[in-house]
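Following the working numbering, the numbering of the sequence shown begins with 141 at its first residue and continues without gaps. Where a beta carbon is used, it is the ideal one built from N, C-alpha and C, also for glycine.
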Amino acid sequence: MEKNIDFFYNEEFWFISAFINSNKCDRDEIAKRIEKIVKERVSKISEKDAYLTQLAKNLVDMAQNISIVCNWVDYISIFPYYKENTDKFYDVLGYFEFQIEYYKNNPEKKKTIKPLLIQQIPHIILRELKDKAQFMTEEVLIDLESPIYIFATSDKTDPPNIKWDEEAIETYKKDLSYWTVLYSGQWEDYSPSLYENRIQNNLSNRLSELHFINRNNGFVYMAEDNYKNFFEPYMKPYVVTPAAQIRTIIFCLREINGSLDILFLNTYSEGRIDTEKLEEKINNLRFLRGILQNALSIIYNELDYNRRQHYTSVLTHLIDKFELDNIKGRMNQKFDLLYNTMNEIHQKRVQEDQEETEKALNILNFLLGAGILADLVELAMIALSLNAEDFQAILLNSVVAIIISSILIMAVIYYMFVKFKVKRGAIKNTVDAVILNEEGDKIVLVKRRFPPFQNHYALPGGYIQKKESLEHAVKREVKEETNLDVSIIKKIGYYDDPNRDPRGKVHSTAYLCKIKDGDYQLKGKTDALSAEFIPTEELEKIPLAFDHREILKDADLIEKDSIFDIF
């Protein structure tokens, strides 16, 4: 028979996986900055933030009575990762750990906290971090795609002293299920099978405890004395921390998978592919895969040799729950695909080189033929009894010299042409457009559909097609991406910094443009997710793709050495 039970809230832990660049920030300092962002947002929570009006007052009251402490935890302290989409560098993998407690000195108020309330504030904080993290990309790369991991704990129940065997779990499954899956809905009319599913996999071996770990949250109930004596020395390092670590590994694998996807797309990019740079990036990702394998080996060794049944059950459950082996498998398949693709590119490059070699051999044969021709002239002079001073001999030698010199000049010109062609082929040329509205107080920016800098704001522009003029290219790209017809006012500059584009050597020519027709419809097309007018006064606050900030500085639309540039 199903019965009701109340679990009384004790405390909770939040985990947010991240990379940091230790050359750009101090670990403690970045943790304090994140803590400050969280505290400031919590202090501003109002009833409008609640997604259910009946919970609004409780939410505000909880926000006014919360204790928050944030610390950074290294997981892999040497992990040189380049994010392919933004070409930012990070060297430490770990997570932010938040110690959270509502109504710290008020046990009676803790009894009023329901699971539905616990998920509210982390949702609000995640949205805030998405807004603020864009200004810290040089220092930290935060996992903003996953919900904040919540590990909630309880040390009292009403009724008390339940022996948590299978029968008790089944009896109280409805109320228990609200705690085991905090981020899901918590309606009263769910089907019995849903409640049944949520109470599976209790990892505790003790009848006085409950241990549940899911993808986005965990829940631990321990009888009060057990909690005081064993939570910090055992539960924290052997249950809570492994959940944070496995989730961090999943975040890292997802990032590596994303970089592999971008590198694969780059193998089909326009122009000659910078194979050396591609191989360098692939080798770096292979190195990171090896570092992760070493970290995982520690976990698998624990499974092989650790005789503590509960701990090995926790690790096995985490590996299965987070589908770790499947994600690793997909990553390895992508490495294999990239390896095969790079082999095809090398074979094609070898074929091209062989064709160029054959052409060079043909010229060499010409030169050898010229040498034979000189020998024939000498034989002819002997046969005709001509002396070197004779007019006929001088004429014959002059003709042969002209022929040989012409062949040599052709060979040198061809050699220089091939070198120029290879060098030019390694550089991809693009155009960018700075488009102002009629009043001159707004600029057209597009949000990029594809990497690199996917979902970032950028100037409209793209690659120059074969035999296409710069002016035609910029007008065509603007039309394709924004649906606008523009005329060129002037050239802003030529940008050839070797590090301006993570794909390789990409040079760009930027133009200042104006819209031709007053009757237009601005909309994102082809490579652009969206196209919109952005007030020039807001450009200081918007992260831009590539070196487009430099272009806007040269166009006098952004102050040089602005405050934004320190982030």
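- [ ] Report the rounded CA-to-CA distance for E224 versus V321, giving the unit in angstroms.
- [x] 34 Å
Open item on the list: Quick check: what's the CA-CA separation for V626 versus P683?
Closed with: 25 Å
TODO: Alpha carbon to alpha carbon, how far is P332 from Y660? Give it in angstroms, no decimals.
DONE: 57 Å
TODO: Label H351 either buried or exposed according to how many other C-beta atoms from any shown protein chain fall within 10 Å of its C-beta, with 16 as the threshold for buried.
DONE: buried
- [ ] Output the boundary residues of the alpha helix (DSSP H) element that contains K693.
- [x] H688 to D694
TODO: Measure the beta-carbon distance from L425 to L400 and round it to whole angstroms, keeping in mind my assumption that it falls under 8 Å.
DONE: 7 Å
TODO: Pull up the distance between the alpha-carbon of D298 and that of P377, whole angstroms please.
DONE: 28 Å
Open item on the list: Using the three-state DSSP reduction, which class does F707 fall into: helix, strand or coil?
Closed with: With a pLDDT of 35 at F707, under the threshold of 50, the modelled position of this residue cannot be trusted; read the value that follows with caution. Looking at F707 - three-state DSSP - the assignment turns out to be coil, as it is neither helix nor strand.
Open item on the list: Relative to the C-alpha of I288, which candidate in L266, Q385 and V280 has its C-alpha closest?
Closed with: L266
Task: Cβ-Cβ distance between S157 and D271 below 8 Å - done: no
Open item on the list: Given this structure, state the Cα-to-Cα distance separating A363 from E152, to the nearest angstrom.
Closed with: 16 Å
Open item on the list: For V574, which residues in the same chain have their Cβ closer than 8 Å to its Cβ, ignoring the five residues on either side in sequence?
Closed with: I583, L599, I632, A650, Y651, L652, C653, I691, L692, A695 and L697
TODO: Using 10 angstroms around the beta-carbon of Q260, count the other beta-carbons present and answer buried if the total reaches 16, otherwise exposed.
DONE: buried
Task: Residue ranges of each alpha helix (DSSP H) within the segment 255-323, 4 or longer - done: 255-258, 260-273, 306-311 and 313-320
Open item on the list: Please state whether the Cβ-Cβ distance between S453 and L334 is less than 8 Å.
Closed with: no
TODO: Note down the Cα distance separating L464 from Y323, rounded to an integer number of angstroms.
DONE: 21 Å
Task: Pairwise C-alpha distance: L199 and K296 - done: 22 Å
TODO: Kindly identify the DSSP beta-bridge partner or partners of C210.
DONE: F238
Open item on the list: Taking its Cβ as the centre, do 16 or more other Cβ atoms sit within 10 Å of M556, making it buried, or is it exposed?
Closed with: exposed
Open item on the list: Looking only at its chain, what residues have a beta carbon closer than 6 Å to the beta carbon of I703, apart from the 5 residues adjacent to it on each side?
Closed with: Low confidence applies here, because I703 scores a pLDDT of 40, under 50, leaving its location unreliable; read the following figure in that light. Correct list: empty, nothing qualifies.
- [ ] Please work out which residues of its chain come closer than 8 Å, Cβ to Cβ, to R470, disregarding the five sequence neighbours upstream and downstream, and give them in chain order.
- [x] N397
Open item on the list: Just to confirm my understanding: we take D657, look at its own chain, exclude 5 residues before and 5 after, and list those with CB closer than 7 Å. What are they?
Closed with: D625
- [ ] Ignore the nearest five residues each way along the sequence and tell me which others in A384's own chain have a CB closer than 6 Å to its CB.
- [x] F155 and Y235
Task: The beta strand (DSSP E) enclosing H647, as first and last residue numbers - done: V646 to I655
Task: Pair within 8 Å by beta-carbon distance, V646 and E621 - done: no
Open item on the list: Under DSSP, the beta strand (DSSP E) around Y221 begins and ends at which residues?
Closed with: Y221 to K223
TODO: State the start and end residues of the unbroken alpha helix (DSSP H) segment that holds S183.
DONE: R167 to S183
- [ ] Could you tell me whether the Cβ of Q491 comes closer than 8 Å to any Cβ of chain B?
- [x] Here there is only one protein chain, and chain B is not present.
TODO: Assign F707 to buried or exposed, taking buried as 16 or more other Cβ atoms, counted over all protein chains shown, within 10 Å of its Cβ.
DONE: No answer about F707 holds up, because its pLDDT of 35 lies below 50 and its placement is not dependable.
TODO: With DSSP as the reference, please indicate the residues paired to M362 in a beta bridge.
DONE: E349
TODO: List the residues that DSSP assigns as beta-bridge partners of L576.
DONE: I583 and K654
- [ ] Please look up how many angstroms separate the CB atoms of N161 and D231, rounded, as I've assumed it's under 8 Å.
- [x] 6 Å
TODO: Could you tell me if V580 is buried or exposed, where buried requires 16 or more neighbouring beta carbons within 10 angstroms of its beta carbon?
DONE: A small correction: the amino acid at residue 580 is Gly; Val does not occupy that position in the sequence shown. G580 is exposed by the Cβ-count criterion.
- [ ] Could you check if S648 is buried or exposed, using at least 16 other CB atoms within 10 Å of its CB as the buried criterion?
- [x] buried
Open item on the list: Pull the bridge partners of N357 from the DSSP assignment, please.
Closed with: I290
Task: Within 8 Å, strictly: CB atoms of W304 and E349 - done: yes
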